[in-house]
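So in this note's numbering, spot 118 of the sequence shown is number 409, and the numbers just go up one at a time.
Each residue gets a CB set at the ideal place from its N, CA and C atoms; glycine is no exception.
This structure is a prediction, so every number in the text was calculated from the model and none was measured.
Structure first, commentary second.
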Amino acid sequence: LSYSIGYSIGQNITAQGLEVNKDILSKAVIAALSKIQPSLTDDQMTQIIVAFQQKKMKERDEQLKTIGAKNKKEGEAFLAKNKTLPGVVTTASGLQYKIIEYGKGESPKKEDKVKVHYQGTLIDGREFDSSYKRGEPIEFELMGVIPGWTEALQLMHVGDKWELYIPSNLAYGEMQRSELIGPNTTLIFTVELLEIVKAEK
């Protein structure tokens, strides 16, 4: 048990990327387990930890700003070139789309719920999500998704299949959405509008 607990603590420290003095860390653990008076007061230890956390948060914020600036520049360059390609339409908001297959159904309204199949990729082709791979479409309200989807789906008809090119301000903006979707990331979606889901009476 003792070894397992100690090893787990070590793994947690390593996973967080913390650089610690192993000798001092060992002495502190032994002191705590032996109920020996610590070399620092509780207030001092709290101040040190808080200062460290603030430093790391600042470093993380600066890193995200750098990544965000790079993503924005690359996204803008991609969209500028993409809008000149055959079949690509650019709306007033900056959303771009290309119709792959035409349907003959109705178009949903902003307050509607829809069922779609989709695949999401980055501009470099890396896939970050796919309902096709999960084997089933998803249902959602148009008001509950990113602005680029809300706009595009109202333009689509049931049976349509479109490719959407969504600038970051119509996607997740400056948010770090996931490991792949960083701040200011331009997203590409293949979206198939299957159904307007009617409310149950």
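For residue 391, the uninterrupted beta strand (DSSP E) segment begins and ends at 387–392. If you check the CB distance, residue 407 and residue 484 come in under 7 Å.
Put simply, the backbone Cα of residue 471 is about 22 Å away from that of residue 385. In this structure, 343 is the residue among 343, 487, 409 and 292 with its C-alpha nearest to the C-alpha of residue 308. For residue 412, the secondary structure class from DSSP, reduced to helix, strand or coil, is strand. Judged by beta-carbon spacing, residue 359 lies within the 7 Å limit of residue 474, meaning their Cβ atoms are closer than that value. Taking all protein chains shown into account, residue 303 has fewer than 16 neighbouring C-beta atoms within 10 Å of its C-beta and is therefore exposed.
DSSP places residue 403 in the coil class of the three-state scheme, outside both helix and strand. By the CB criterion at 7 Å, residue 411 and residue 480 fall inside the cutoff.
DSSP assignment within the region 442–482 yields the following whole beta strand (DSSP E) runs of 3 residues or more, N-terminal first: 452–457.
Under the Cβ criterion (8 Å, minimum of three pairs), the region 461–470 does not count as touching the region 388–404.
The alpha-carbon of residue 463 is positioned some 30 Å away from that of residue 341. Taking residue 431 as reference, the option from 311, 421, 317 and 440 with the minimal CA-CA separation is 440. Residues of the same chain with a CB within less than 7 Å of the CB of residue 453, apart from the 5 flanking positions on each side, are 388, 389, 390, 391, 443, 447 and 482 in chain order. Of the residues 395, 364, 328 and 409, the one whose Cα lies closest to the Cα of residue 424 is 409.
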